[in-house]
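Engineer:
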Amino acid sequence: VVGMLVDDGTLGWDDPVTDHLPWFELPIDSDDAQAQVTLRDLLSHRTGFTRMSALIRNPGVSAETILRTATQAEPWAPFRERWQYTNVMVLAAGTAAAAAAGSDWETLVQRRIFSPLFMGDSFTDVPEGREVEGRYGPGYSWDPATETFEQQPLPNVAAVRPAGSIHSTARDMA
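Reminder that position 130 of the sequence shown reads as 185 in my numbering, one-by-one numbering, no gaps.
(1) Since residue 152 and residue 209 are thought to touch, with beta carbons under 8 Å apart, how far apart are those beta carbons, to the nearest angstrom?
(2) Can you tell me whether residue 192 is buried or exposed, with buried defined as 16 or more other CB within 10 angstroms of its CB?
(3) With respect to the alpha helix (DSSP H) encompassing residue 99, which residues constitute its N-terminal and C-terminal limits?
(4) Closest by CA to residue 207, which one among 198, 111, 175 and 66?
(5) What does the alpha-carbon distance come out to for the pair residue 184 and residue 77?
(6) Could you spell out where the alpha helix (DSSP H) holding residue 149 opens and where it closes?
(7) By alpha-carbon positions, which one of 62, 227, 106 and 228 ends up nearest to residue 144?
(8) Distance check for residue 202 and residue 173, CA to CA, integer angstroms please.
(9) Can you give me the Cβ contacts of residue 218 inside the same chain, cut-off strictly under 6 Å, excluding the 5 residues immediately before and after it?
(10) Does the Cβ-Cβ distance between residue 73 and residue 92 come in under 9 Å?
(11) From the DSSP output, in three-state form, read off residue 79 for me.
(12) Should residue 196 be labelled buried (16 or more other beta-carbon atoms within 10 Å of its own) or exposed?
(13) Quick one: Cα of residue 84 to Cα of residue 134, how far?
(14) By the 10 Å Cβ neighbour count, where 16 or more other Cβ atoms means buried, how is residue 79 classified, buried or exposed?
(15) To the nearest angstrom, how far is the alpha carbon of residue 113 from that of residue 214?
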């Protein structure tokens, strides 16, 4: 969705995130006093911030609360110096894209991807997707003790939907 909006000219890869989310100002570690975090920085995972997993464990926490809390963190590496994956920065990019489009992320994905592609069994959250029984494959994990695969529930990552909360069927994906 971010790429689509860049193609449309609604936003740019090098837009400062604060152009779209004025309150999302990260304390960056940089010698450049003019340095600003851009959408490219967020999606390239070069902000200096790492996983922040504790922020995303509770699906009841809002995206804005997660992002506002992230602005209080300290970077683990200097700005643009090292790649460090974090779902929270993908959440920030998705939230900024939605703000630029005058929407929320879920509606934007529905309007720009699911609807035009007739993806009627694709969803941006786990609970809604689970209501369509028999069309979704369960997840599995390997248990080395029993040397078997055990079925696992789909993780609920609603708190960071832009970072991985699209659930779809093989038919919709085809």
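Ideal placement from N, C-alpha and C gives every residue a C-beta, glycine not left out.
Structural biologist: On the basis of the coordinates in this document:
(1) Going by Cβ atoms, the distance from residue 152 to residue 209 rounds to 24 Å, so no, they are not a contact pair.
(2) An exposed status is given to residue 192, since fewer than 16 other beta-carbon atoms sit within 10 Å of its beta-carbon.
(3) Unbroken alpha helix (DSSP H) run through residue 99: 94-99.
(4) Looking at the Cα atoms, 198 is the closest of the given residues.
(5) Caution applies to residue 184, whose pLDDT of 46 falls short of 50 and renders its modelled position unreliable; the model cannot decide the point.
(6) First-last of the alpha helix (DSSP H) with residue 149: 142-155.
(7) Looking only at 62, 227, 106 and 228, the smallest Cα-Cα distance to residue 144 is reached by 106.
(8) So the alpha carbons of these two residues sit roughly 40 Å apart.
(9) 142, 145 and 146, listed in sequence order.
(10) In this structure, residue 92 lies closer than 9 Å to residue 73 by Cβ.
(11) Residue 79 sits in coil when the DSSP states are folded into three classes, being neither helix nor strand.
(12) Residue 196 is classed as exposed because its beta carbon has fewer than 16 other beta carbons within 10 Å across all chains shown.
(13) When rounded, the distance between both Cα atoms is 5 Å.
(14) Buried is the call here.
(15) Note on geometry: alpha-carbon atoms of residue 113 and residue 214 lie some 7 Å from one another.
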